[in-house]
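Numbering (UniProt numbering), first residue to last: 1 to 549. For each residue, glycine too, the CB sits at the ideal point set by N, CA and C. Here is the structure we will look at.
In structure tokens form, the structure reads like this:
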């Protein structure tokens, strides 16, 4: 389904996703868009009925294209008038002030139990609870820093709001549309194409203000978490970002191109001023704002990507390497409903589309660092597709190298960069068929070698840690070995010895596989269960000298 290009000619574009990340702007896939919306009553609950008048008016602005339906602005009305929907009023009922709606399934009738199960199986979100919550849901005003209310905004450019969703339940979609219109001055919305759930008062002005000051900046709101089981709205208190003792985290990444959290450097947290923009090291792409002209100049979204994955890094790298960077605005809040699992997982597994997307990002943006991604993912049979068009945009816009991006990020967060490694790759037994792996729940195991990437790729860092991205090999009680998140201020060091034994520096014990292939630490004797084959690097020799000093 193609969106009209006139929607992309406004001053800025605001991308918000109900439950998924928008990968390609021109294509939104909807199935079962017309899921029925109804209220249910349950003993002990006072239900606030949805706004049926607004519901009817919203239906009037749904146009059918082919066999599908999508929200389309009324061509005569353009959704500029606040009379389009009723004004929000204080509500009493389930879910108000962001509270959760806990359903005791055992007390439901057989018919409602069936609906409850079917909804959850289809959406991986408690739609039964969602249908009990008003479309004009209120949130606790305390989530907004009081200082934010003192800010006076200048005349701001209007914005086109794009909602991206797929197979969405009707109640969550309706609540999303209402939340945007209920909490946004009409002068700021040119068009509402499709936004994220749980918006709060004054959510849009801070984003547009910063974009007016820096047109080539990518800006995002503070993202609240809407729990899938009961739709409880969780967000950190306003003081969270200004306390260096709390270990404040930024969305970040590793060289598997996974979304990770990295701790901010205390010096940066101490330098922050309340309500002022905050630099970040990554984003989830479920809510962000870009200047339309800048977005077009960089070629928009990479249409060579498929389904999901990689698009968040594509926009992030563009913003930092070709623009003014990326910031989070602490006075802007948007809620995002996270599913209990990925609905389109089977589609992603088909031809490993996510991996192909990540390869594509690495090939275009990461320069010589791309090989760090390729060797960690490990499946060299997957292709990036034609990236010549994207590289052309990169060159025409004189984008900075990836090394600049790393410098930009490491100014504010602790980020592990896997360079100057002592050893890397799969750790195998002498037969070359059995590999050391990171199994379920971060459990160390031995398994048949497969790809020798991802969960079977290990590295001995320049600090002598055995790592998989942000995870480290750590000795525990009873000579057990566990996989834990690495700590930047506490190193756990190992030595890959010349005799192919892996020795923990603190305990003096060696990694050992017993006769049942169970792993533990034991006295270093050099027997067959302690011999490990691991690719040494050019830094291995220098490391041996350093350890012996």
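#1: For residue 561, list the residues DSSP reports as bridge partners.
#2: Hey, out of 468, 317, 443 and 159, whose CA is closest to residue 453's CA?
#3: How would you write the range of the beta strand (DSSP E) that residue 504 sits in, first residue to last?
#4: Quick one: Cα of residue 227 to Cα of residue 96, how far?
#5: Just the C-alpha distance for residue 374 and residue 513, rounded to the nearest angstrom, thanks.
#6: Please go through the same chain and pick out, in chain order, the residues whose beta-carbon is closer than 7 Å to the beta-carbon of residue 244, but skip the five residues on each side of it.
#7: Among all the DSSP beta bridges, which residues are the ones paired with residue 327?
#8: Taking 6 Å as the limit between beta carbons, can you name the residues of its chain near residue 400, skipping five residues before and five after?
#9: Ignore the nearest five residues each way along the sequence and tell me which others in residue 414's own chain have a CB closer than 7 Å to its CB.
#10: Can you name the residues that DSSP bridges to residue 484?
#11: Please classify residue 150: is it buried, with 16 or more other beta-carbons within 10 angstroms of its beta-carbon, or exposed?
#12: Compare the Cα-Cα distances from residue 491 to each of 395, 519, 460 and 520 and report the closest residue.
#13: What separation, rounded to the nearest whole angstrom, lies between the Cα atoms of residue 472 and residue 424?
#14: Give the straight-line distance between the Cα atoms of residue 357 and residue 521, rounded to the nearest whole angstrom.
#15: Would you mind sorting residue 206 into buried or exposed? The rule is 16 or more other CB atoms within 10 Å of its CB.
#16: Short of 6 Å in beta carbon distance, which residues of its chain neighbour residue 517, apart from the five on each side in sequence? Order them along the chain.
#17: By DSSP's criteria, residue 445 is part of a beta bridge. Which residues make up the other side?
#18: The alpha helix (DSSP H) with residue 210 in it runs from where to where?
#19: To the nearest angstrom, how far is it from the Cα of residue 116 to the Cα of residue 524?
#20: With a Cβ-Cβ cutoff of 8 Å, do residue 330 and residue 287 count as a contact?
#21: Taking residue 316 as the reference, give the member of 216, 208, 442 and 341 with the closest Cα.
#22: Residue 214: which of 152, 438, 476 and 291 sits nearest, CA to CA?
#23: Identify which residue in 298, 159, 139 and 157 has its Cα closest to the Cα of residue 235.
#24: Contact defined as beta carbons within less than 8 Å: I believe residue 393 pairs with residue 529. What is the distance between those atoms, to the nearest angstrom?
#25: Is it buried or exposed for residue 114, if we count other Cβ within 10 angstroms and need 16 for buried?
#26: Just mark residue 62 as buried or exposed, buried being the case when its beta carbon has 16 or more other beta carbons within 10 Å.
#27: Rounded to whole angstroms, what is the Cα-Cα separation between residue 296 and residue 144?
#28: Which one of 360, 318 and 526 has the shortest CA to CA distance from residue 498?
#29: Within a Cβ cutoff of 8 Å, which residues of the same chain sit near residue 509, ignoring the five residues on either side of it in sequence?
#30: Could you compute how far the alpha carbon of residue 36 sits from the alpha carbon of residue 368?
#31: Along the chain, where does the alpha helix (DSSP H) containing residue 294 start, and where does it finish?
#32: Quick one: grab the DSSP three-state call for residue 285.
#33: Kindly identify the DSSP beta-bridge partner or partners of residue 512.
#34: Taking the Cβ atom as the reference point for each residue, do residue 538 and residue 430 lie within a distance shorter than 8 Å?
#35: Check whether the Cβ atoms of residue 233 and residue 247 sit closer than 8 Å, and answer yes or no.
#36: Might you give, ordered along the chain, the residues of its own chain that have their beta carbon closer than 8 Å to the beta carbon of residue 188, omitting 5 neighbours on each side?
On the basis of the data shown:
#1: The question about residue 561 has no answer here: the residues shown for the chain are numbered 1 through 549.
#2: 468
#3: 502-504
#4: 14 Å
#5: 29 Å
#6: 266, 269 and 270
#7: 219 and 279
#8: 321
#9: 262, 263, 265 and 488
#10: 472
#11: exposed
#12: 460
#13: 14 Å
#14: 39 Å
#15: buried
#16: 446
#17: 437
#18: 205-213
#19: 57 Å
#20: no
#21: 216
#22: 291
#23: 139
#24: The Cβ separation is near 54 Å, so there is no contact.
#25: exposed
#26: A caution first: residue 62 carries a pLDDT of 35, below 50, which makes its placement in the model too unreliable to give a value.
#27: 33 Å
#28: 526
#29: 475, 479, 503, 521, 522, 523 and 524
#30: At residue 36, the pLDDT of 25 sits below 50, so the modelled position is not reliable; the number obtained from the coordinates is stated separately. Using only the alpha carbons, I get a separation of about 51 Å.
#31: 292-297
#32: coil
#33: 520
#34: no
#35: no
#36: 156, 158, 159, 204, 205 and 208
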